[in-house]
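Step one of this worksheet: look at the structure below.
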Amino acid sequence: MNFTDKILWSWLIGGLAFRALIAYFLPAGFDEAYYFLYTQNIDWSYFDHPPAVAWSAGAGIWLTGVVSPLTLRLGALGLYTGSLWLLYAVGRQLFDPKVGIMSCAIATLSPLFFLSFGILAAPDNALIFFWSLALYLCTLEFFPVHPSPYVPTPRICLIAIALGLACLGKYHGFLLALSICGFCAFTRPYRKALFSKWTGIGVVLFALTVFPIFYWNARHGWISFLFQLGDRFAEYGDQSSSYSLSALLGVWLAQLGYLFPSLGIPLWWVSLQTLFRQILFRQSLFKQSLFTQGLVTHDRYTRAQKASALDNDRLSFLLWSGFPVAICFTLLGGATHTFPAWPAPGLWSLTGLLGYAAARWPQRAVRRWLSITGWAIAVLLLIALSHISFGTLQQAGRYAPFGGVVAIEQDPSTQLIDTVQLRQKLSQSNEFWDAIAASQVVLTPTYWLSGYIAMSMPAGVSLPISSFTPDPRGLAFWHTSAAWLGKNALFITLENDAQTALNSLSPYFESIVPMSKIATQRGGEASNIVCLYEAKNLIKPYPYPY
155 MNFTDKILWS WLIGGLAFRA LIAYFLPAGF DEAYYFLYTQ NIDWSYFDHP
205 PAVAWSAGAG IWLTGVVSPL TLRLGALGLY TGSLWLLYAV GRQLFDPKVG
255 IMSCAIATLS PLFFLSFGIL AAPDNALIFF WSLALYLCTL EFFPVHPSPY
305 VPTPRICLIA IALGLACLGK YHGFLLALSI CGFCAFTRPY RKALFSKWTG
355 IGVVLFALTV FPIFYWNARH GWISFLFQLG DRFAEYGDQS SSYSLSALLG
405 VWLAQLGYLF PSLGIPLWWV SLQTLFRQIL FRQSLFKQSL FTQGLVTHDR
455 YTRAQKASAL DNDRLSFLLW SGFPVAICFT LLGGATHTFP AWPAPGLWSL
505 TGLLGYAAAR WPQRAVRRWL SITGWAIAVL LLIALSHISF GTLQQAGRYA
555 PFGGVVAIEQ DPSTQLIDTV QLRQKLSQSN EFWDAIAASQ VVLTPTYWLS
605 GYIAMSMPAG VSLPISSFTP DPRGLAFWHT SAAWLGKNAL FITLENDAQT
655 ALNSLSPYFE SIVPMSKIAT QRGGEASNIV CLYEAKNLIK PYPYPY
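Its first residue numbered 155, the sequence shown is counted upward by one per residue in our numbering.
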């Protein structure tokens, strides 16, 4: 193993160990708990995401037979390690191993990347792996080690399949496919790829790969596309009537925070700088400059022009693969509510540009930059993790070394439910087992709470778990409430929301009887109180909106 390989594997293994530590102690998030329900309801596709998240989230659970936050995230941990290696391989193939190492190091350190792609179970896990695989295959196709006039090869078919698999992770994959087509269309040597027979075959293979998405949607009124392209924004009110520059600034600053400022600011600076250079220094301008200044002879000009054009094309490829997604989803923040993960795949591609620039900076300064950034991120995240898991900043908390700074009642981090602890308490509750014996279904008032309850179910409980809510997501397609007419349900809700939940549920059952309350604890204090009710005799089906 040479020195470069040692550095690469130190980043890969060190990053994996740090992410695994967080994955073990961090309670499951709202979306992660909901994606656990995907693993229990395998289908061609899903209401709000393509199917790959069910496979990546379920892999660790199916392999181990254990349901926990860590096993739910094993797929994310493995896929992200592969994604980092592919990002390194892209930089190595385009430029040199140093650029690959720099790109891998930056992606390993950035919280936006390793949280969105490499720790939390999410559709982004599969998306970014196959996104990176598609980029790597493109570099092999368009930029071989020994450059020669470009001729399309059968590798285009593999690129098409990788793009299709990225689409099965998240709909962003379609945008990457368009971006690669844009690169080919606007880069003269590679236009012939668009008219190749291999591209025609690739289109067919791409269509076959994404078939599950369209098959499921064709059977359900194309509900996924309607939701993703419009309905989901109704959750946050109509913000499309006017564009807000202040909202855009807030979104961009938040994005820099998630990237971490010492990484996010250089990333955007280098990306915009590269974009402007691409616009200002096209091949024709470079050619005109050389002849005007008389700097080179014709032979030297030919060699210099070819080398510059190839380097220009490599940078252009990274720009095309990342900038449209990054800038469009960032600008969208001025019109409506967005999430930090939306522009992240584009920023992931642009990391190669920052890696290219950093490889040419003074290396002592680069090592200091990465070292200080890495230690700062690690310390901040470990402080946050210790509080979320043990309440180290919680007033009167058992593990608060300095007495704590926040009361548990005002701490939003307690909204994350410790499913392992809740499962233990449910298994010890006689009232719970009595309710399970008398019920045919378990219900909650929110789709994400259904996920938490499903993760918390003791071994041996096989009742369907659903939710009566105006926002049921995939639960509306997995279960039909009419099938439970005349049946009893175990209704579970959080104490803070109990009265509202009971008011919305009572018209559908003959009676609802309180049974018991079960509290989970953090730092010796109650963090969540779960209320159990016996809902008797469903008298009419719940009207799901889809």
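Note that CB positions come from ideal geometry on N, CA and C, so glycine has one too.
Secondary structure of residue i, DSSP reduced to three states
i, result
"Lys324", "coil"
"Ser620", "strand"
"Asn691", "strand"
"Phe283", "helix"
"Arg627", "coil"
"Val595", "strand"
"Asn156", "coil"
"Met669", "strand"
"Ser681", "strand"
"Ile167", "helix"
"Ile355", "helix"
"Leu644", "strand"
"Arg309", "helix"
"Gln564", "helix"
"Tyr582", "The sequence shown places Gln at residue 582, rather than the Tyr named in the question. Note: Gln582 maps to coil in three-state DSSP."
"Gln549", "coil"
"Phe100", "Because the chain in this structure spans residues 155 to 700, residue 100 falls outside the shown range and cannot be described."
"Phe663", "strand"
"Thr674", "strand"
"Leu180", "coil"
"Leu501", "helix"
"Leu294", "helix"
Same chain, Cβ closer than 6 Å to residue i, neighbours up to 5 away in sequence not counted
i, result
"Gln447", "For Gln447, the predicted model reports a pLDDT of 46, less than 50, meaning its position is unreliable; a value from the coordinates is still stated below. So the list is empty, once near-sequence residues are dropped."
"Pro308", "Trp352"
"Asp467", "Thr341"
"Pro497", "Ala480, Phe483 and Thr484"
"Leu501", "Ala480"
"Ile542", "Ser567"
Short Cβ contact (8 Å threshold) for residue i with residue j
i, j, result
"Cys204", "Ile367", "Looking at the sequence itself, residue 204 is Pro, so the reference to Cys does not match. Yes."
"Leu701", "Ile315", "Here the chain covers residues 155 to 700 and nothing more, so residue 701 does not appear."
"Leu535", "Pro306", "no"
"Tyr242", "Phe268", "no"
"Phe622", "Tyr662", "yes"
"Tyr127", "Cys338", "Since the first residue shown for the chain is 155 and the last is 700, residue 127 is missing from the structure and cannot be characterised."
"Pro277", "Gly323", "yes"
"Asn682", "Thr568", "yes"
"Gly512", "Met256", "Reading the sequence as shown, one finds Ala at residue 512 and not Gly. Taking 8 Å as the Cβ cut-off, Ala512 and Met256 qualify as a contacting pair."
"Thr484", "Phe414", "no"
"Thr492", "Val405", "yes"
"Val357", "Leu289", "no"
"Phe184", "Gly628", "no"
"Leu648", "Pro612", "no"
"Ser398", "Gly488", "yes"
"Pro494", "Ala408", "yes"
"Gly327", "Leu281", "yes"
"Leu263", "Ile531", "yes"
"Leu659", "Ala689", "yes"
Environment of residue i [buried if 16+ CB atoms lie within 10 Å]
i, result
"Asp250", "exposed"
"His633", "buried"
"Asn279", "buried"
"Asn642", "buried"
"Gln653", "exposed"
"Cys482", "exposed"
"Gln548", "buried"
"Ala177", "buried"
"Ala591", "exposed"
"Leu180", "buried"
"Gly614", "exposed"
"Arg552", "exposed"
"Pro624", "exposed"
Beta-carbon contacts of residue i that lie in its chain and below 7 Å, excluding the five residues immediately before and after
i, result
"Gly272", "Arg173, Ala230, Leu231 and Tyr234"
"Ser222", "Val574"
"Ser540", "Thr546"
"Phe283", "Leu233, Gly236 and Ser237"
"Ser670", "Ser583, Glu585 and Leu686"
"Met609", "Ala182, Ala187, Phe190, Val221 and Thr573"
8 Å Cβ shell around residue i - same chain, five flanking residues per side excluded
i, result
"Arg454", "With a pLDDT of only 45 at Arg454, under the threshold of 50, the placement of this residue in the model should not be trusted; the figure read from the coordinates follows. Result list for Arg454: empty, nothing under 8 Å."
"Ser425", "Leu473, Gly476, Phe477, Ala480, Leu504, Leu507 and Leu508"
"Cys311", "Trp352, Ile355, Gly356 and Leu359"
**Prompt:** With a cut-off of 8 Å, do at least 3 Cβ pairs link the stretch 182–195 to the stretch 594–608?
**Reply:** With contact defined as three or more Cβ pairs closer than 8 Å, the stretch 182–195 and the stretch 594–608 are in contact.
**Message:** Any contact between the stretch 217–235 and the stretch 658–677? By contact I mean 3 or more CB pairs, one from each, below 8 Å.
**Reply:** Cβ pair count under 8 Å is below three, so no.
**Prompt:** Is the stretch 250–260 in contact with the stretch 287–306, if contact means three or more CB pairs nearer than 8 Å?
**Reply:** Contact fails: fewer than three Cβ-Cβ distances are below 8 Å.
**Prompt:** Within the chosen definition, does the stretch 610–622 reach the stretch 578–596 through at least 3 CB pairs nearer than 8 Å?
**Reply:** The answer is yes - the stretch 578–596 touches the stretch 610–622, with three or more Cβ pairs under 8 Å.
**Message:** Within 8 Å, do at least three Cβ pairs link the stretch 155–165 to the stretch 568–586?
**Reply:** Taking a cut-off of 8 Å for Cβ pairs, the stretch 568–586 and the stretch 155–165 do not touch, as fewer than three such pairs fall below it.
**Prompt:** Are the stretch 551–569 and the stretch 581–591 touching by the rule of at least three beta carbon pairs closer than 8 Å?
**Reply:** Short answer: they don't touch.
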